[in-house]
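For the sequence shown, this note's numbering assigns the number 274 to the initial residue and increments by one for each residue that follows. Yeah, the Cβ is synthetic: ideal placement off N, Cα and C, and Gly gets one too.
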Amino acid sequence: MTKLWDFVVRFPIMIGIAVILTQTLPVLDARWLWFSDEVRYAEVYSNLVRDGHWIVLNLNGEAYPDKPPVYFLLLAALDLIPGVEMPGLMWLGSAVSAIFLLFAMRALANAVGIGRAGFAAGMLVQLSIFGMVLLLHYVRMDLLFVALMMGGQAYLHRHYYNGEAARHAYLGFALCGLAVLVKGPLGLLLPLVAVWGAAVWAGRGAAILRLTTLLGLLFSVLVMASWAVGIIMVEGWAFFSEQIIGQQVVARATDTFHHSEPFIYYFIVLPVLLLPWTGFALALPWARVLQWPAAMWRARRQLSPVGILAIGAFAHFMTLSLLDGKVGVYVLPILVQVSLLIGALLASGFVPRAWVGVAGMMAIFGAALMAFSFSEEAAAYQLGALLCGGLLIVLAGLLVWLRKAGQAALLVQSAVMVGWSLLLAAVLLPGMNESASTRITAEHLGRLAENGYTPVAYRTYPGIFSYYAGRDVVQIDSQNELVALIASDSAIVIAGRKRHLDELDLTGFELLDSREINGAGGRYEVVSRSARPSN
């Protein structure tokens, strides 16, 4: 195993790319797109390519100001690869974004002073986190977002903490501005609180007050302004000020109606999303926990790489916790820093009890999957849950056996997790299609629309049916408006939650489909009525 580990340390990026592509390319089109982001992003991208909505994105025939266009432009670039088609393109975007994240992690590791072995170990830790594996098989822009964010943080750190030339700060600010154009202001805010927090703690905060900061912020603003100018040209100033500044920036940060969670939300979510590496906590010297603050204060002038990463992760954690809107995937930049931190600790000396903790978390999760497979809810994907759960229990046993074998445990875990990832994507996740995707419901709408029916989505999340329906769907949220449409003589097909449809007089309508859609707020039904003769 020593020679293999030496090879990994020598070529970590190459190994990381191989790990990502091995577990993603064979299963790019293994399942349907799911509610809600996946089907909506596929629709947004389709509109971008078909109708040319490159500046202000379009969803279901309406302007979609929720997201900037950079992620979708990446998809457009990947779409140029011969043989790549929808919807597999969407998952290819996740794989390529993960590769970008590897390069960002390498830049951050170099900036804070983690050696090649520490980075290699941290990379393998990151790629074996359950949450990261799931993101490789899910369509989200967060991997690209965090890649640009962490890259920006690396270069900002080189200037503000390491004291390197101002050009590193300018590049960092530019990358953060680009991250904002992927998903929003956190792309600039989180790197700044992490880097400036470490600089202030170490007594190097004076650099923040120099002209470089003002010019760097200007670089970020110029990058972001490239999109802002386009929005104003296409939609006008009122749209930009109300929808982008008012709703997408101010409202989401201070009083969001969507994903509003209490302050303690990430205290619960982070340990879960860090699995199985939450078990690494067993290796920490908890007997001296009360001495940690004093020790960090004494060493503040020369922070170790572990100390720098800990401050960055803590700064991110507190910043995210103070925001009103909270989503589990927002902890991804924290996971990146914690992975590198763990990698540095593993490279400096493998602690057997750490592997016992990781194995324990893995065994618990695997046993839970196997137990869940026998429940009524898991009937459609019982085999996948059994295989994935069983493999985790086997891997847990291997880790306990190899706990004193140094790097061998990490290499074995990484290899087995690739197989687990393929099982997850090829067997378990496809079994959830009918309960997690809007495809069947949407295809009813599309099929009848081709025969002259008016397709209607009633009181649903906007745009969740358009991609699989193959067309825009009339979005109605007012009961009076739908009642007026029903009162007409036109042919109509309606999709919506059962509890909302039950409030209507649907005499003469035929029930076409009824199913639960996970995360969508209950049972959805599709009802239709052919055109009535005019009186």
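Beta-bridge analysis with DSSP links A768 to A730 and V799. The Cβ neighbour count for L675, taken over all protein chains shown within 10 Å, is at least 16; the residue is labelled buried. Judged by DSSP in its simplified three-state form, E716 adopts helix. Under the three-state reduction of DSSP, S499 is assigned to helix. Rounded to whole angstroms, the gap between the alpha carbons of K677 and V624 is 8 angstroms.
Under the three-pair Cβ rule at 8 angstroms, the segment 564 to 584 does not count as touching the segment 622 to 636. Short of 7 angstroms from the beta carbon of L785, and not among the five residues preceding or following it, lie these beta carbons of its own chain, in chain order: H717, V799, V800 and S801. Just so you know, the alpha carbons of R573 and I581 end up roughly 10 angstroms apart. Unbroken alpha helix (DSSP H) runs of no fewer than 4 residues, entirely contained in the segment 300 to 371, are found at 310 to 324 and 343 to 351, following chain order.
When G657, L671 and N724 are compared, the shortest CA-CA separation from V700 is found for G657. Following the DSSP letters along the chain, one finds S787 inside the beta strand (DSSP E) bounded by residues E783 to I790. Here the C-alpha atom of H441 lies approximately 29 angstroms from the C-alpha atom of R571. V747 carries a strand assignment under DSSP once its states are collapsed to helix, strand and coil. Looking at the backbone, the Cα of I607 and that of M423 are separated by about 10 angstroms. Residue pairing by DSSP places S533 opposite G598 in a beta bridge.
Within a 10 Å sphere around the beta-carbon of I615 sit 16 or more other beta-carbons, which makes this residue buried. With respect to the 8 angstroms criterion, L346 and Y337 are not classified as neighbours on the basis of their beta carbons. Closest by C-alpha distance to T711, out of V300, E316 and D778, is E316.
Cβ neighbours of F553 within its own chain (closer than 7 angstroms, five residues either side excluded): I615, A627, G630 and V631. The C-alpha of R477 lies about 7 angstroms from the C-alpha of Y434. When DSSP states are grouped into helix, strand and coil, M414 belongs to the coil group.
Rounded to whole angstroms, the gap between the alpha carbons of V691 and L664 is 11 angstroms.
Each of G404, A709, A498 and D775 was checked against the Cα of E789, and the nearest Cα belongs to A709. Relative to A636, the option among V385, E754, V667 and S751 whose CA is nearest is V667. The shortest C-alpha to C-alpha distance from L463 to any of G736, L421 and W327 is the one to L421.
When rounded, the separation of the alpha-carbon atoms in W510 and G503 is 10 angstroms. For a cut-off of 8 angstroms, the C-beta gap from Y797 to V312 is around 13 angstroms, too long to register as a contact. A straight-line Cα-Cα distance of about 8 angstroms links L454 and K340. Rounded to whole angstroms, the separation of the alpha carbons of V766 and L684 is 54 angstroms.
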